[in-house]
Amino acid sequence: MNTATSLSARNTKVMNRFDLTSRLIRKLEHEEAVIGGIGNTNFDLWAAGHRPQNFYMLGSMGLAFPIALGVALAQPKRRIFALEGDGSLLMQLGSLSTIATLAPKNLTMVVMDNGVYQITGAQPTPAAAVADIVAIAVACGLVNSAWAADEEDFERLIDQSMSATGPTLIGVRIDDKPGVGTTRRDPVQIRERFMHGMGVREPL
Amino acid sequence: MAVAEQRTSSQTSDEKSWHGIVLQALKRNDIRLVPYVPDRVLTTLIKNIHADPFFTTFPTAREEEAVGIVSGAWMGGMRGAVLMQTSGFATLANVLASLAIPYQIPLIMFVSERGTLGEFNYGQSLVCRTMRPVLDSLAMEHHTCTRLEEFEFIVDRSIKQAITTQAPVALILSPLLTGGKTFDK
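Top line first, the protein sequences correspond to chains D and V.
Residues in the first sequence are numbered from 1406 upward in steps of one, following my numbering.
Residues in the second sequence are numbered from 24 upward in steps of one, following my numbering.
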């Protein structure tokens, strides 16, 4: 094992989930959808400021990208962002090939990689010391995948993804801080408001 | 004339087959998105759905992934259904209990039933026994479809009920309906 070597050898800055999520949200001007994976990922999405176009997962670990793919297929003219943790993504690596095959150009995926299951006590993931999530994504056929070197690079990659001709995956290395807020755990309201945000339904 | 041309003899017999009934019911109810994990029994249905440009259909690596996809699509205004076999259903308890049911998503599942009425793989017969207890423990609507003459009614009504009540449904395709998978080697 060469944990220390491989991690320190990376030239990507260790950033913060809430900061990056806030930077993303500030860029959104066209009612873009944002799907937040379970735990800290959607807690920070909530904390960055609730929008009707945000969807917060309260379970079904690993399904942020598949859910986002579904929204992207249903609404090809809307930009869809999906935020997922590295531990969550490990549960559903197969979905990367599905997304590469369908190749929706309106989908931008962000992997928040801290190498740990922060919310359960920061235990390392089985991949932390050995695997490179962006390399996995590329090998799954998501050729437009890259690590963000720093915050500025993250914003550049987000901007670039908005006019990409295929799906984009952005890996970001983050610290082990917990989420800043806590999503209100009301699944029916979350889903209903998201559908209002997607223009699918009117409020009662 | 156009109608007459569409009604070739093979298509008429297809419409009366169980898989023809499924395909027509999906179209009638505007269900366009059909991700699946394949099964031998579902082969003809999958082939015909692929051949029909009305549908967006593709395989997924896991059944859970397909459930996530149709859930997202529903929230985006596109209706979907998932095709799988019994052992695939056995992987779904978590996503049913944490996504489809609490978020009130009308998840429509067609489950080709293996593990009974001539099963040759003991593991399949065991996993089959977990299916209905899981459905019942979550108080989910489910029907075991055995008779062709009832099938269109069950499928069409179940799809409509799922959508109007915003609740998932599992339609279990019994070997009595489909012929099932037979021991060949």
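By construction, the Cβ of each residue, glycine as well, lies at the ideal position given by its N, Cα and C atoms.
* To do: Go through the stretch 54-87 of chain V residue by residue and report every complete run of the alpha helix (DSSP H) that reaches 4 residues or more, in order.
  => You should have 66-74.
For chain D, check one thing: does any of its Cβ atoms lie closer than 7 Å to the Cβ of V/Met16?
Any question about residue 16 of chain V goes unanswered here, given that chain V covers just 24 to 208.
Let me see if you follow: with CB-CB separation under 7 Å, is D/Thr1587 close to chain V or not?
Interface criterion not met: the Cβ of D/Thr1587 is under 7 Å from no Cβ in chain V.
Exercise. Assuming V/Gly91 contacts D/Gly1475 (C-beta within less than 8 Å), just tell me the rounded distance between them.
Key: In this structure V/Gly91 is in contact with D/Gly1475, their Cβ atoms being roughly 7 Å apart against a cut-off of 8 Å.
task: Throw me the rounded Cβ distance for the D/Ile1588 and D/Asn1445 pair, which I believe falls under 8 Å.
output: Looking at the sequence shown, residue 1588 of chain D is not Ile but Thr. About 10 Å separates the beta carbons of D/Thr1588 and D/Asn1445, which is beyond the 8 Å limit, so they are not a contact pair.
Give a yes or no on whether 7 Å exceeds the smallest Cβ distance from V/Asp179 to chain D.
False, the Cβ-Cβ gap to chain D never drops below 7 Å.
Worksheet entry | Per-residue contacts from V/Thr83 into chain D (C-beta, under 9 Å) | Neighbours of V/Thr83 on chain D, chain order: Pro1471, Gly1499, Ser1500 and Thr1503.
Check whether the stretch 1480-1491 of chain D and the stretch 104-119 of chain V touch, using three or more Cβ-Cβ pairs below 8 Å as the test. In this structure the stretch 1480-1491 of chain D does not touch the stretch 104-119 of chain V; the number of beta carbon pairs closer than 8 Å is below three.
| request: Please classify V/Ala190: does DSSP put it in a helix, a strand, or coil? | output: DSSP, reduced to helix, strand and coil, places V/Ala190 outside both helices and strands of the structure shown, so it counts as coil.
Mapping DSSP to helix, strand and coil, what is V/Gln34? The predicted position of V/Gln34 is uncertain, since its pLDDT is 48 and thus under 50; a value taken from the coordinates is nonetheless stated next. Note: V/Gln34 maps to helix in three-state DSSP.
- Should V/Phe176 be labelled buried (16 or more other beta-carbon atoms within 10 Å of its own) or exposed? Exposed, by the Cβ-count rule.
Would you say V/Gly111 lies against chain D (beta-carbon separation less than 7 Å)? No, no contact with chain D.
| message | Check whether the stretch 1487-1494 of chain D and the stretch 112-128 of chain V touch, using three or more Cβ-Cβ pairs below 8 Å as the test. | response | Contact fails: fewer than three Cβ-Cβ distances are below 8 Å.
Per DSSP, the bridge partner or partners of D/Thr1573: Paired residues: D/Thr1513.
At 9 Å on the CB atoms, spell out the chain D contacts of V/Met163, in chain order. Here the premise fails: no neighbours, minimum Cβ distance about 16 Å.
**Item:** Partner residues on chain D for V/Leu56, Cβ-Cβ distance less than 8 Å
**Value:** Within 8 Å Cβ-Cβ: Gly1475, Leu1478 and Ala1479.
Is V/Met154 helix, strand or coil by DSSP? If DSSP states are grouped into helix, strand and coil, V/Met154 belongs with the helices.
List the residues that DSSP assigns as beta-bridge partners of D/Ala1487. D/Ala1487 pairs with D/Ile1440 and D/Met1514.
Give the straight-line distance between the Cα atoms of V/Ala190 and V/Met163, rounded to the nearest whole angstrom. Distance between the alpha carbons of V/Ala190 and V/Met163 is about 8 Å.
Let me know the secondary structure DSSP gives D/Gln1565 once reduced to three states. DSSP places D/Gln1565 in helix when its eight states are reduced to three.
- [ ] For the stretch 98-122 of chain V, enumerate the residues whose C-beta is nearer than 8 Å to any C-beta of chain D, in chain order.
- [x] Cβ contacts with chain D: Met98, Gly99, Gly100, Met101, Gly103, Asn117, Val118, Ala120, Ser121 and Leu122.
Along chain V, in chain order, which residues have C-beta atoms closer than 9 Å to that of D/Gly1464?
-> Residues of chain V passing the Cβ test: Asn117, Val118, Ala120, Ser121, Leu122 and Pro125.
- Item | Supposed contact pair D/Thr1513 and D/Val1521 - C-beta distance, whole angstroms, cut 8 Å | Contact flag wrong, Cβ pair sits at about 24 Å.
- Message: Applying the 10 Å Cβ sphere with the 16-neighbour rule, what's the burial state of V/Gly146?
- Response: It is exposed - the Cβ of V/Gly146 has fewer than 16 other Cβ atoms within 10 Å.
Interface residues of chain D facing V/Val60 [CB-CB closer than 8 Å] = Near V/Val60 there are no residues of chain D at all, since even the closest Cβ is about 10 Å away, more than 8 Å.
Helix, strand or coil, according to DSSP, for V/Leu196 in the structure here? Note: V/Leu196 maps to strand in three-state DSSP.
Would D/Val1605 pass as an interface residue toward chain V - the criterion being a Cβ-Cβ separation below 7 Å? By this cut-off, D/Val1605 is an interface position.
Where D/Val1516 meets chain V, residues with beta-carbon distance less than 9 Å:
Here the premise fails: no neighbours, minimum Cβ distance about 16 Å.
Exercise. Out of curiosity, what's the CA-to-CA distance linking V/Phe174 and V/Leu199?
Worked result: Taking the straight line joining both Cα atoms gives about 12 Å.
Original post:
How many angstroms separate the CA atom of D/Arg1561 from the CA atom of D/Met1600?
Top reply: Between D/Arg1561 and D/Met1600, the C-alpha separation is close to 29 Å.
Checklist entry - V/Gly138: which of V/Pro58, V/His42 and V/Val64 sits nearest, CA to CA? => result When C-alpha distances from V/Gly138 are compared across V/Pro58, V/His42 and V/Val64, the shortest belongs to V/Val64.
Neighbouring residues, chain D, relative to V/Ala96 (Cβ below 8 Å):
Close to V/Ala96, with beta-carbon spacing below 8 Å, are these residues of chain D in chain order: Gly1475, Val1476, Leu1478 and Ala1479.
| request: Return the CA-CA distance between D/Gln1458 and D/Glu1597, expressed in angstroms with no decimal places. | output: Rounded to whole angstroms, the gap between the alpha carbons of D/Gln1458 and D/Glu1597 is 11 Å.
Checklist entry - CA-CA distance, D/Gly1526 and D/Pro1583? => result CA-to-CA, the gap between D/Gly1526 and D/Pro1583 works out to about 10 Å.
Step through the CB atoms of chain V and report whether any lies within less than 7 Å of the CB of D/Leu1468. D/Leu1468 counts as touching chain V.
Margin query: Can you tell me where the alpha helix (DSSP H) holding V/Gln47 begins and where it ends?
Written below: Per DSSP, V/Gln47 is one residue of the alpha helix (DSSP H) stretching across Trp41 to Arg51.
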